[in-house]
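Have a look at the structure below before the remarks.
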Amino acid sequence: MAWTVPKTWVASAALTAAELNTYIRDNFLETATSKATVAKSYFIGNGPNQVVQRTPQWDFVSAQEGTSLNYYSNLATEGPQVTVTTGTTAIVFLSAQCKENSLNISTRMSVEVGGASQIEATDNYALCVMNDNTGSDQYWTTVVPFGGLTPGSNIFTAKYRGGVETPGSAGAFWQVRHMIVMPF
Amino acid sequence: MAWTAPATYTAATALTAATMNQQVRDNFLEMEVADATKIGSLFISTGANALGERVPGSQAITSHGSTTSTVYTDLTTGGVGPTVSVTIGTAMIVILTCQLYNTTSSTWARMSYTMTGSSSFTAADARSIGVQKKREGALSGTVESVDTFEQGSLVTMHTGLTAGDVTVVAKYNASSGSAHFQVRRLMVIPL
Chain A
14 MAWTVPKTWV ASAALTAAEL NTYIRDNFLE TATSKATVAK SYFIGNGPNQ
64 VVQRTPQWDF VSAQEGTSLN YYSNLATEGP QVTVTTGTTA IVFLSAQCKE
114 NSLNISTRMS VEVGGASQIE ATDNYALCVM NDNTGSDQYW TTVVPFGGLT
164 PGSNIFTAKY RGGVETPGSA GAFWQVRHMI VMPF
Chain B
31 MAWTAPATYT AATALTAATM NQQVRDNFLE MEVADATKIG SLFISTGANA
81 LGERVPGSQA ITSHGSTTST VYTDLTTGGV GPTVSVTIGT AMIVILTCQL
131 YNTTSSTWAR MSYTMTGSSS FTAADARSIG VQKKREGALS GTVESVDTFE
181 QGSLVTMHTG LTAGDVTVVA KYNASSGSAH FQVRRLMVIP L
């Protein structure tokens, strides 16, 4: 069924079951209330007279873990990671407490998208923080509006790299790692 | 037409065309599904029993640009913007994300925004994302370029606006030295 422009009713005209089904039952079934199935969701326009339910997701990894690599990869604990049903756009929020053992080297936390879409993690989507005081943490957030997603089930996974390679031992560290994805 | 509180029907009362039009037709026309025209839009309450469709806007400019201006301005290189035009109610959320740095120690690179249209204001530090250059000069050992970008975001909200069409444009400054910017993103979520 689909939305039908509500009828203007006329006195003395017969009221039929077909009309009640088209103009009341089927139209109610297109409303947000009818489509609501999951708590904490919101409703997004999906074209003329269409709305869809979208549910934001959040994941969090508290452990401090590091990398010696200067290309994007997982830490010992993969994530945070969320699976979200999206349209073509989403807003991704990345937050983390970052630390780099060496002065004047950066830490970079980005996001990779799998599932319906295939998007590699790059610096363009990254939380990138330069260490200005050896051994001290910095807590930052970056917000990335993602366009060009393939509608459907998309898997967002945080990925990490150091500003330079530090062979033999990790130089860049992250903890209290948050990711929120708000689908549109 | 407008929303009418749903009637409580009673037995043996005639169901009239006027009742059907008010209770069924007109109330359906106040629902979000009747208002929906765009993909990716939001439905925002505009008061008691009233909704409006709002369409978020965003733009990203990846090219590198710079400025030495100490007042907020367009970049000397890399193109104007990003620029976003939306229809707002009385509030909006603005998200700035950018890679930025300054070439001179202890100086700032800042990205803010102006707005024109039904409401207006100018760029200001209070609604900017900025980094202060932390170091300069050659260093021993393995380091990144002195000109490595940092990337983060500002998320802020404006209320008490005048509903209508607005255009938001990113602006930039340097406290001194040369401020550099790339992968510049602006998103506006109208409420």
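Which chain is which? The protein sequence lines are A and B, in order.
Count the first sequence with my numbering and you get residues 14 to 197, in order.
Count the second sequence with my numbering and you get residues 31 to 221, in order.
Think of the CB as a built atom: it goes at the ideal place given N, C-alpha and C, for glycine as much as any other residue.
Taking C-beta atoms as the reference points, residue 87 of chain A and residue 112 of chain A fail to come closer than 9 Å. With fewer than 16 other beta carbons inside 10 angstroms of its own, residue 48 of chain B counts as exposed. With at least 16 other beta carbons inside 10 angstroms of its own, residue 95 of chain B counts as buried. Per DSSP, the beta-bridge partners of residue 187 of chain A are A:78 and A:111. When C-beta distances to chain B are compared with 7 Å, the residues of the region 39-64 of chain A below that value are 40, 43, 44, 45, 56, 57, 58, 59, 60, 61, 62, 63 and 64, in chain order. Chain-order list of chain B residues neighbouring residue 180 of chain A: empty, with the shortest C-beta distance near 10 Å, by a criterion of under 8 Å. Residue-level contact by beta carbon fails for residue 35 of chain B and chain A, as no gap is shorter than 9 Å. When Cβ pairs closer than 8 Å are counted between the two stretches, the region 63-71 of chain B is seen to touch the region 98-106 of chain A, the count reaching three or more. Remark: C-beta atoms of residue 45 of chain A and residue 121 of chain A do not approach each other more closely than 9 Å. 9 Å or more divides the Cβ of residue 106 of chain A from the Cβ of residue 37 of chain A. In the DSSP assignment, residue 65 of chain B falls outside any beta strand (DSSP E) and lies within the alpha helix (DSSP H) extending over 62-65. Interface flag for residue 157 of chain B against chain A is unset, since no Cβ pair is found closer than 9 Å. Shown in chain order are the members of the region 175-192 of chain B whose Cβ falls below 7 Å from a Cβ of chain A: 178, 179, 180, 181, 182, 183 and 185. For the C-beta of residue 37 of chain A, the chain B residues within less than 8 Å are, from N- to C-terminus, 54. Residue environment for residue 78 of chain B: exposed (fewer than 16 other C-beta atoms within 10 angstroms of its C-beta).
Per DSSP, reduced to three states, the secondary structure at residue 50 of chain B is helical. Residue state for residue 142 of chain B is assigned as strand, using DSSP reduced to three classes. Note on the region 26-92 of chain A: whole alpha helix (DSSP H) runs with a minimum of 4 residues are 30-33 and 45-48, in chain order. The contact set of residue 24 of chain A on chain B, defined by CB atoms closer than 9 Å, consists of 46, 47 and 48 in chain order.
Between residue 174 of chain A and the set A:168, A:167, A:134 and A:152, the nearest pair of CA atoms involves A:134.
Cβ proximity to chain A below 9 Å picks out 125, 126, 127, 129 and 131 from the region 125-141 of chain B. Residue contact check for residue 200 of chain B against chain A: no CB pair falls below 9 Å.
Here residue 39 of chain B carries a coil assignment [DSSP, helix/strand/coil].
Judged by DSSP secondary structure, residue 98 of chain A falls within the beta strand (DSSP E) whose first and last residues are 94-99. Annotated three-state conformation of residue 58 of chain B is helix, per DSSP.
Residue 189 of chain A sits close to residue 73 of chain A, with the two beta carbons spaced by under 9 Å.
DSSP, reduced to helix, strand and coil, places residue 202 of chain B within a strand of the structure shown.
Closest option to residue 93 of chain A, judged by alpha-carbon separation, among A:168, A:17, A:34 and A:115: A:168. Exposed is the label assigned to residue 91 of chain A, since fewer than 16 other Cβ atoms lie within 10 Å of its Cβ. In the DSSP assignment, residue 125 of chain B falls within the unbroken beta strand (DSSP E) covering 122-132. By the neighbour-count definition (other C-beta atoms within 10 Å, threshold 16), residue 201 of chain B is a buried residue.
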